[in-house]
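Working notes for the structure below.
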Amino acid sequence: MTNHWIDLKNSDCILVMGSNAAANHPISMKWVQKAKDKGATLISVDPRFTQTSAKADIYAPLRSGTDIPFLGGMIKYILDNTKYFKEYIVDYTNASFIVGPKYDFKDGLFSGYDPKTRTYDKSFWAFEKDPDGKVKRDNTLQDPRCVFQLLKEHYSRYTPETVSSISGTPVEDLLKVYEAYASTGSREKAGAVMYAMGWTQHTVGVQNIRSMCIIQLLLGNMGIPGGGVNALRGESNVQGSTDAGLLFHILPGYLAYPRANLANLETYLKAITPTTKDPMSANWPQNLPKYFVSLMKSFWGDKATKENQFGYEWLPKLDVGQNCSWLNLFNAMYDGKIKGFFAWGQNPACSGANANKVRQGLTKLDWMVNLNIFDNETGSFWKGPGMDPKNIKTEVFMLPVAASVEKEGSITNSGRWAQWRYKAVDPPGMAKPDGDIMVELFDKIRGLYKKGGKFPEPILNLKWDYVNQNGQFDSHKVAKEVNGYFLKDITLKDPTGKDVSFKKGDLVPAFGFLQADGTTSSGDWIYCQSYNAQGNNMALRKKDDPTNLGLYPQWSWAWPVNRRIIYNRAAVDLNGQPWNPKKPVIKWVQGQEVDGKKQPGKWVGDIPDGPWPPMSEAGGKYPFIMKPDGLGAIFGPGLADGPFPEHYEPLECPVPKNTLSSQFVNPTITIFSGSMDKHLTCDPRFPFVGTTYRVTEHWQTGIMTRWQPWLVEAEPQMFVEMSNELAKLRGIKNGEKVKVSSVRGEVGAVAIVTTRFKPFKIGDLTVHQVGMPWCFGWMVPKDGGESANLLTPNVGDPNTTIPESKAFMVNVTRIEGGK
Amino acid sequence: MSEGYSILVDTSKCTACRGCQISCKQWNGLPGTHTKNEGTHENPLDLSADTWKIVRFSEGPSKDGNPFWHFFSEQCRHCLSPGCMAEAENGEIIQDENTGAVIYTPKTKDLNYKATRDGCPYDIPRQDPKTKQLFKCTMCFDRITNNMIPACVKSCPTGAMVFGERPKVLEMAKARVEELSRKFPKAKAINPEDVRVIYIVNDDPQKYWKLAAGK
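Printed below as a string of structure tokens:
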């Protein structure tokens, strides 16, 4: 979330799209309700009428996989009806930037496309620059090559009628949504979007979100209270895990993972550090070398020296172009290229797209360690449906792990708040906290490397002092390491320019003090300040709310530097005064005159995005400080599949062509071609759109909830929701057992025949859609049913490789006598 | 405490998360019963000696073309003049003077189950088939007499349920109905003068649950 949960209450219009927040993030509705109590409009856009829709003022249906047409139509509406916030887009976004002559867009393809590699040469999308290296701008927004005009041209095709013919949303519903949401383009109004996996799990997942970013920038909704682009994270600490670099392509703090072509530290740092020629741009990422070197010092301590490039050579490198994300890992496992696997706090046998392939992949392993609080379909895959234990070589170890309340540590919520949690009870039996298991594992591995082995340096040199006197994992020691230390006595300047001295061993106050010369450490720069001389800030529990906006700056701690609304410099005008004086997240206060001399002004409110004065004063900076050019990106030349979102059909879809271009599916996706990687589009055997979702009662694949009798009582069995019309077509009665199948697999399910699903009118076609939860699995409860991921396709978004679990094709048939 | 307590159930704020249903079972130590999906998310399908609170789901087409989906968190209304007490002449059922809670004692095993159940306009009492004792919501009597709010109210994330002194709850109900009436002409509180558990609806009560407003 760019904003945070409580901030939803400050909104005037909340769009919930790609999410069923009421069911899956129940507490969010507390704050949505508070906004509604003050007159806010709640909009729900979803293929199915959900619990969120039931509370909404406006509901609009759409066929799964058509969010870009829906949102592209909103962009066109905003532009055609001059609903955009003119000052904001001129001063704070790249709307005025001139795009270079090589940029073009024709019939669904951007310029620079190579059909052989299915990739774009992004240099075709570069901005034009002055001789002094600054991007050329036209602040009148009239130049036909400026971003604003190109945007207008791009979305001119997305008329309400065209959108409706793709998404199946009635034109009047589209216009109702567009009108309500576009009304937040004024300076007094704030519009927020809440989204989740309904946007991400598509072959155009990233571009779905990009579409909304463009809308939020056009309406001036970024940085302001009650605004923002708000990802509702699907797991209580998934924000923390990505912050800590759990993904293959990043190190902690979102530092790019080194690749083999970046042979030494210097070339690596040069590659990750952007530059700008514009003095108004803070270009905060210019500091990345400080954060990277401090991370290396956290990894290897005294062993990381300037002479050995702070251990850069010890980091294993990814090959150029190598993608080690989920779908690729399980593809490699299926191909027998992976020997061992730690399934740590997860259940891929049910959570992985095309789960039959995942389960077959598990049979190719030599060993697997299943770490969880309960046995599950992954640990016991060898005795699951269709498996013959006699023919499976995989040796499986089960390690019982402490549950969240049985250990101490931090947890970071969707709003970036890192909250410290105390241990309530001891773990039962032999269960141990994850940290203790890692300590034991590492001690064993290091012991083996001491006896010999290839490339032992990274392991033997690792600084690993995270245990207490009893040899147990100490979460406070790790939290301090994550914050970072001064490694020698040092005198530095604070943000006001005053000298400030630190001793070796002091905790670093905030990331502004981190250094690139090896004199500081920090295990995750964005968490620097979370645990410093003031103590463990994540454990703060004070309820003061000085701004009355619900920022609660002394309740837990938020990254970065306790900023509760990021990009908040865009919430004020050029003089630092709030666009909406009733909701001032930050405000510039001029200094008083003392003895005829004017004192410097200061910011009040939230922690501003950097200490600089407002843009109208000397030394002022642009608001989007993490962008090298300092401005919000309406034109985004960095993604794999284009600088503007464009509609492509899902890999499996019900329509014979893409109405908007002859480019049927996203031209940059990677399609696996093994025997278990099947996809069928517009095939009469699988005529209905399928999608997956969650229920309130079960958590993820249900590992933690399917053993809980009260929750199983409330939501006991796999179901498939379908319209009355589809049920009639297939002769299915409500409550009957049916079979849902895709080209990849089949599951049994109880039919819920409902008015909440309706057939879509797509041109001359009637398209039916069904939906299923993915929280069940064969192990428990008995008769609970199987995972919907046996049906989902293993094809991913070209930027993130997240699978397209939200739009695929299925068949639904009655099971004879099927009660 | 002369007028006792009340619970407000504002269905316009209910999202059917069923936290109330689960927390009722948790606090009262009630087991999860064996259920099947019968073509609805509502489960269990009825109250029982082991289930004193259920969220009822009701849906159908509405005039504006969109469906309606109503949620009704069902429980004992703790009537001011409880119909179920007509049969209870020997202290089997107690109406607590201070709180107003209607409490079923173990002696309810001696009551005529059918007559007691028929006496309830909302069809709430249920019998344990083995012990013959009758059960229903206690208003969390053990909690509210120890400075805690009822478990269901405590669990509610959206503020759809509020527990408090009856006059204050009545006032809140009135204000909320007024507010909702601007958008929903049918908004009303159900039988606020007769019951302590007061439901606010913004559509016909029967569209939520056939006995929402009583027999």
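Going down the list, the protein sequences come from chains A and B. Under this note's numbering, the letters of the first sequence match residues 1 to 819, in that order. Under this note's numbering, the letters of the second sequence match residues 820 to 1034, in that order. All C-beta atoms in this analysis are idealised placements derived from N, C-alpha and C, irrespective of residue type, glycine included.
Residue i (DSSP reduced to helix, strand or coil)
i                       : result
residue 418 of chain A  : strand
residue 984 of chain B  : strand
residue 820 of chain A  : Residue 820 of chain A cannot be examined here, being either before or after the span of chain A that is shown, 1 to 819.
residue 295 of chain A  : helix
residue 199 of chain A  : helix
residue 760 of chain A  : strand
residue 1025 of chain B : helix
residue 804 of chain A  : coil
residue 217 of chain A  : helix
residue 635 of chain A  : coil
residue 144 of chain A  : coil
residue 938 of chain B  : helix
residue 856 of chain B  : coil
residue 577 of chain A  : coil
residue 306 of chain A  : coil
residue 311 of chain A  : helix
residue 932 of chain B  : helix
residue 383 of chain A  : helix
residue 722 of chain A  : strand
residue 464 of chain A  : coil
residue 820 of chain B  : Residue placement at residue 820 of chain B cannot be trusted, given a pLDDT of 46 that sits under 50; what the coordinates show is reported in the next sentence. Reduced to three states, the DSSP call for residue 820 of chain B is coil.
residue 945 of chain B  : strand
residue 814 of chain A  : strand
residue 159 of chain A  : coil
Contacts of residue i in chain A (Cβ-Cβ under 7 Å)
i                      : result
residue 886 of chain B : 49, 755 and 756
residue 879 of chain B : 755
residue 857 of chain B : 735
residue 872 of chain B : Correct list: empty, because the minimum Cβ distance to chain A is about 11 Å.
residue 781 of chain B : Limits of chain B in this structure are 820 at one end and 1034 at the other, which puts residue 781 of chain B out of reach.
Partners in chain A for residue i, counting only beta-carbon separations shorter than 9 Å
i                      : result
residue 835 of chain B : 22, 23, 51, 54 and 696
residue 863 of chain B : 713 and 714
Closer than 8 Å: residue i CB and nearest the ligand FAD heavy atom
i                      : result
residue 378 of chain A : Absence of the ligand FAD is noted for the structure shown, with no ligands found whatsoever.
Which residues DSSP lists as bridging residue i, in chain order
i                      : result
residue 247 of chain A : Looking at the DSSP assignment, residue 247 of chain A forms no beta bridge with any residue, so it has no partner.
residue 17 of chain A  : A:45
residue 609 of chain A : Residue 609 of chain A pairs with nothing; no bridge assigned.
residue 371 of chain A : A:344 and A:399
residue 886 of chain B : B:880
residue 555 of chain A : A:541
Chain-ordered neighbours of residue i on chain B, where CB pairs are closer than 7 Å
i                      : result
residue 178 of chain A : Ordered by position in chain B, no residue passes the 7 Å Cβ test against residue 178 of chain A, which lies about 17 Å from the chain.
residue 29 of chain A  : 834, 976 and 977
residue 419 of chain A : Residues of chain B passing the Cβ test: none, with the nearest at roughly 17 Å.
residue 33 of chain A  : 832, 977 and 978
Partners in chain A for residue i, counting only beta-carbon separations shorter than 8 Å
i                      : result
residue 897 of chain B : Under the 8 Å cutoff, chain A gives no residues; its nearest Cβ is about 24 Å from residue 897 of chain B.
Contacts that residue i makes with chain B (C-beta to C-beta distance below 9 Å)
i                      : result
residue 160 of chain A : The contacting residues do not exist; residue 160 of chain A stays about 17 Å from chain B at best.
Chain B contact residues for residue i, given Cβ-Cβ distances below 8 Å
i                     : result
residue 26 of chain A : 834, 836, 838, 976 and 977
Could you please tell me which residues of the stretch 535 to 567 of chain A, in chain order, have their CB closer than 9 Å to any CB of chain B? Look at the stretch 535 to 567 of chain A: it has no residue with a C-beta under 9 Å from a C-beta of chain B.
Using a Cβ cut-off of 9 Å, which residues of the stretch 704 to 720 of chain A contact any Cβ in chain B, in chain order? If the cut-off is 9 Å between Cβ atoms, the stretch 704 to 720 of chain A has 708, 709, 710, 711, 712, 713, 714, 715, 716, 717, 718 and 719 near chain B.
By the 8 Å beta-carbon criterion, what residues does the stretch 837 to 857 of chain B contribute toward chain A? Within the stretch 837 to 857 of chain B, 837, 838, 840, 841, 844, 845, 850, 851, 852, 853, 854, 855, 856 and 857 place their CB atoms closer than 8 Å to a CB of chain A, listed in sequence order.
Can you list, in chain order, the residues of the stretch 960 to 982 of chain B whose Cβ is nearer than 7 Å to any Cβ on chain A? Here the close residues are 976, 977 and 978.
Give, in chain order, every residue of the stretch 736 to 751 of chain A whose Cβ lies closer than 8 Å to some Cβ of chain B. Correct list: 736, 750 and 751.
Would the stretch 90 to 104 of chain A count as touching the stretch 53 to 66 of chain A if we require 3 or more Cβ pairs under 8 Å? The stretch 90 to 104 of chain A, when compared against the stretch 53 to 66 of chain A, does not touch it at the 8 Å Cβ threshold.
Against chain B, which members of the stretch 55 to 69 of chain A pass a CB distance test of less than 8 Å? Here the close residues are 55 and 59.
Of the residues that make up the stretch 765 to 776 of chain A, which ones have a beta carbon closer than 7 Å to any beta carbon in chain D? Structure shown: chain D not included; protein chains present are A and B.
May I ask you to verify whether the stretch 31 to 44 of chain A touches the stretch 240 to 260 of chain A, counting CB pairs closer than 8 Å and requiring at least 3? Touching, no.
At least three beta-carbon pairs within less than 8 Å, the stretch 577 to 592 of chain A to the stretch 432 to 444 of chain A: Between the stretch 577 to 592 of chain A and the stretch 432 to 444 of chain A there are fewer than three C-beta pairs closer than 8 Å, too few to call the two in contact.
With contact counted as at least three CB pairs below 8 Å, one residue from each stretch, are the stretch 226 to 237 of chain A and the stretch 41 to 57 of chain A in contact? Too few Cβ pairs lie closer than 8 Å, so no.
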